[in-house]
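Following the working numbering from start to finish, the sequence shown increments by one per residue and tops out at 862.
Glycine included, every Cβ here is placed at the ideal spot set by N, Cα and C.
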Amino acid sequence: MKCISKVLFAAAVGVLSQPVWSQMGAPLLLGDPPELDPAEQIQLRPGELPAVRLTADILYRILVAELSAQRSSFGSASELMYGLARETSDPRLAKRAFQFAMAARDLPAALRAAKQWVLVAPNDPDAVASSLALSASSGQTSGLADNLRERIEKATHKERAIAEAASIVAKMNDKQVAYQVLENALPDSVRGIPLAQLALADAAWAAEEPVRALEAAREAVRLAPDSEMAAQRVLEYGLKVDSRAAIRETQEYVARHPDMRRLRLLLVNRLVLRHEFDTALAEIADMRRRAPEDFDLLYTEAEVNVRAERFDRAKELLHEYIAVQEQRSDALPDKATTAGGDESDARLLLVQIAEKQGDRREAIRQLDLIEEPSVRFQAQIHKAVLISRSGNLQGALDTLDALEPQDDNERSVQVLTKATLYREAGRTEQAVQILEQADAEITDSAEIKYDLAMLYERQGRYDDFERLMRRIIELAPHNANAYNSLGYTFADRNINLDEAEELLEQALELEPDNPYILDSVGWYLYRSGDYSGAEEYLRRSWHQLPSGEVAAHLGEVLWMMQRRDEAREVWKAGLEQEPDNEVLHKTLERFGVRLK
Numbered sequence: 267m268k269c270i271s272k273v274l275f276a277a278a279v280g281v282l283s284q285p286v287w288s289q290m291g292a293p294l295l296l297g298d299p300p301e302l303d304p305a306e307q308i309q310l311r312p313g314e315l316p317a318v319r320l321t322a323d324i325l326y327r328i329l330v331a332e333l334s335a336q337r338s339s340f341g342s343a344s345e346l347m348y349g350l351a352r353e354t355s356d357p358r359l360a361k362r363a364f365q366f367a368m369a370a371r372d373l374p375a376a377l378r379a380a381k382q383w384v385l386v387a388p389n390d391p392d393a394v395a396s397s398l399a400l401s402a403s404s405g406q407t408s409g410l411a412d413n414l415r416e417r418i419e420k421a422t423h424k425e426r427a428i429a430e431a432a433s434i435v436a437k438m439n440d441k442q443v444a445y446q447v448l449e450n451a452l453p454d455s456v457r458g459i460p461l462a463q464l465a466l467a468d469a470a471w472a473a474e475e476p477v478r479a480l481e482a483a484r485e486a487v488r489l490a491p492d493s494e495m496a497a498q499r500v501l502e503y504g505l506k507v508d509s510r511a512a513i514r515e516t517q518e519y520v521a522r523h524p525d526m527r528r529l530r531l532l533l534v535n536r537l538v539l540r541h542e543f544d545t546a547l548a549e550i551a552d553m554r555r556r557a558p559e560d561f562d563l564l565y566t567e568a569e570v571n572v573r574a575e576r577f578d579r580a581k582e583l584l585h586e587y588i589a590v591q592e593q594r595s596d597a598l599p600d601k602a603t604t605a606g607g608d609e610s611d612a613r614l615l616l617v618q619i620a621e622k623q624g625d626r627r628e629a630i631r632q633l634d635l636i637e638e639p640s641v642r643f644q645a646q647i648h649k650a651v652l653i654s655r656s657g658n659l660q661g662a663l664d665t666l667d668a669l670e671p672q673d674d675n676e677r678s679v680q681v682l683t684k685a686t687l688y689r690e691a692g693r694t695e696q697a698v699q700i701l702e703q704a705d706a707e708i709t710d711s712a713e714i715k716y717d718l719a720m721l722y723e724r725q726g727r728y729d730d731f732e733r734l735m736r737r738i739i740e741l742a743p744h745n746a747n748a749y750n751s752l753g754y755t756f757a758d759r760n761i762n763l764d765e766a767e768e769l770l771e772q773a774l775e776l777e778p779d780n781p782y783i784l785d786s787v788g789w790y791l792y793r794s795g796d797y798s799g800a801e802e803y804l805r806r807s808w809h810q811l812p813s814g815e816v817a818a819h820l821g822e823v824l825w826m827m828q829r830r831d832e833a834r835e836v837w838k839a840g841l842e843q844e845p846d847n848e849v850l851h852k853t854l855e856r857f858g859v860r861l862k
């Protein structure tokens, strides 16, 4: 019950974080690589091989493949198993080749193995589903709808077949095509099954067809009036079509089904996002009247009051909630209760309130009261930051030095925090020294290397900066910040523009909506002479991140396009956001602009 409350104000409440077929328990075939259970290792007996004698050579190659997998050489293991599967026509070997290829994240090899698996085991539903899912993810959709339709019609368990079909089409990159495939794959005979309508609703939503998504969700509710899952989708998808109507429709549904806790928390969440705080609090009050033993609602009500900036009421609720958790701790053994963690969550919210009210002393006091081992380390890190920002750098450093990190991750956090405090105090050289020592001790930490590289860049040590950024890209090839920082620095210095373009394209591919990357791309385009393209990207960045540096860049582009009044307005807005931004002040100085 607690986990629902704690994610109330995340981007989603959790109930819609996965599609319906995932919630139904159908296998999601292209997610994380499968866990390779040693119990699944091939145990061959001569009588089980399909008319193939178990030779010493076959046994040896199987053992080599399994040993390769144990050493994480999944690609080699898959190749060995695939060759054996073709020679022997043994479906178990084909399945193992598929599993190893998935563990290696080699989708072409996995598709090849899955097709071999289907070839030798055409009636194995897992083999067929795996092959179809991989084919769909590779864009091979010809005949897919007919194949899925046939599988659904023949299936004994219709809901499972529908869920598998939905899972397969969800892997397709073109969501519009995916929706049409699913629409054509569902025969009339299953359209009356609520899950079929929910699958259609989710596929339509993914295809950016909210009206169709809402229609299907409503049909699911009509077919299953007590389906909380369907009602959640009516609310979520309806908000995109007509938000006021969706809220009203859900309120009417809740009046008929007042015990649907998840739906009501989702409704509260969406009301808060619309700043309808009183309505949200009324919803919680009714839930508390119906379930007075549901103490987690105290925390939820406190969250809403924090969002509404009603801090005194929020503090009353949190202190009441903490008292409840302390009683739970006294009444139950430590391992039988989550009270310690729940109390820590409440104290962290009290810290947030204290910081909003400018009361650092109270924030520090609450952080010191946190005893939960899983939270205490981070709480003390936060305490050190607050002490430093109160003007007591040495006290902050003493707090950090008193910590006893348990692993390299905690050691990295400790070092990075200490370096940040030195940098914020203007003691960059000491920050560099600390990070250099940590980099020598924790050699594979991309985070330490990144912060050290950025300090090198600040000091003008561009060769050292470039060396570390390239090493980060080797260690963490999906680290968009490394590509972005190196590409931006090249563009800002007006050097290596061809490589800057490649680096920024990679960063943009990894995080297409990151405002920092959009700013870098805009700045690169400006350096390349494409002013209109630069303006487009910089305006997108400014919309998400109205910072001084983005204002400096956007204003400069507008100035060079002879739109100088617009440039001044942007620069003025940037100064309002960050009056001391160094990049913006240097830009104004360079153009000889003084703003009133």
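Query	Result
Straight-line gap, Ile647 to Met827 (C-alpha atoms, nearest Å)	47 Å
Candidates Glu592, Tyr722, Ile738, Gln699, of which the one nearest Ala712 by Cα	Ile738
Cβ shell of Val477 (< 7 Å), same chain only, five flanking positions each side left out	Val507
Assigned secondary structure, His648 (DSSP; H/G/I helix, E/B strand, else coil)	helix
Local conformation of Gly657 per DSSP, three classes	coil
As assigned by DSSP and simplified to three states, the class of Pro524	coil
Option in Ser794, Gly795, Asp846 with minimal Cα separation from Ala818	Asp846
Beta-carbon separation (whole angstroms), Leu791 vs Ala800, contact threshold 8 Å	4 Å
Entirely enclosed alpha helix (DSSP H) segments - the stretch 407-457, minimum 4 residues	410-420, 424-435, 441-451
Assigned secondary structure, Lys862 (DSSP; H/G/I helix, E/B strand, else coil)	coil
Coil, strand or helix - Leu770 by DSSP	helix
Reference Arg736; option with closest CA among Glu765, Arg724, Glu430	Glu765
Local Cβ density within 10 Å of Ser334, reported as buried at 16 or more and exposed below that	buried
Residue range of the unbroken alpha helix (DSSP H) whose run includes Arg830	830-843
Pairwise C-alpha distance: Phe364 and Ser338	15 Å
The stretch 342-359 in contact with the stretch 377-397 per 3-pair CB rule at 8 Å	yes
Contacts around Leu769, its chain only, beta-carbon distance under 6 Å, and the 5 residues preceding and following it disregarded	Tyr749, Leu752, Gly753
Proximity below 8 Å, CB of Asn439 to CB of Ala411	no
Sufficient close CB pairs (3 or more, under 8 Å) joining the stretch 701-711 to the stretch 662-672	no
Within 8 Å, strictly: CB atoms of Glu245 and Leu461	Because the chain in this structure spans residues 267 to 862, residue 245 falls outside the shown range and cannot be described.
Cα-Cα separation between Gly341 and Pro374, rounded to whole angstroms	11 Å
Length of the line joining the Cα atoms of Ala662 and Ala650	4 Å
Residues near Ala839 by beta carbon distance below 8 Å, same chain, minus five either side	Pro812, Ala817
For Asp664, three-class secondary structure by DSSP	helix
Cβ-based burial, Ile761 [other Cβ within 10 Å; buried from 16]	exposed
C-beta contact flag for Ser807 and Leu776 at 8 Å	no
Proximity below 8 Å, CB of Gln442 to CB of Ala473	yes
For Ala629 and Ile636, believed in contact at Cβ under 8 Å, the rounded distance	With a Cβ gap of about 11 Å, Ile636 and Ala629 do not count as contacting.
Separation of Leu652 from Leu614, as counted between CA atoms	14 Å
Option nearest Lys862 by Cα separation, candidates Glu835, Leu850, Thr853, Glu848	Glu835
Helix, strand or coil at Arg510 [DSSP, three-state]	helix
Given Asp468 as reference, the closest of Pro491, Ser455, Leu414, Met495 once Cα atoms are compared	Met495
Contact under 8 Å by Cβ, Leu529 with Ala557	no
The alpha helix (DSSP H) enclosing Met735, as first and last residue numbers	728-741
Pairwise C-alpha distance: Pro781 and Asp831	24 Å
Beta-carbon gap between Phe366 and Ser344 smaller than 8 Å	yes
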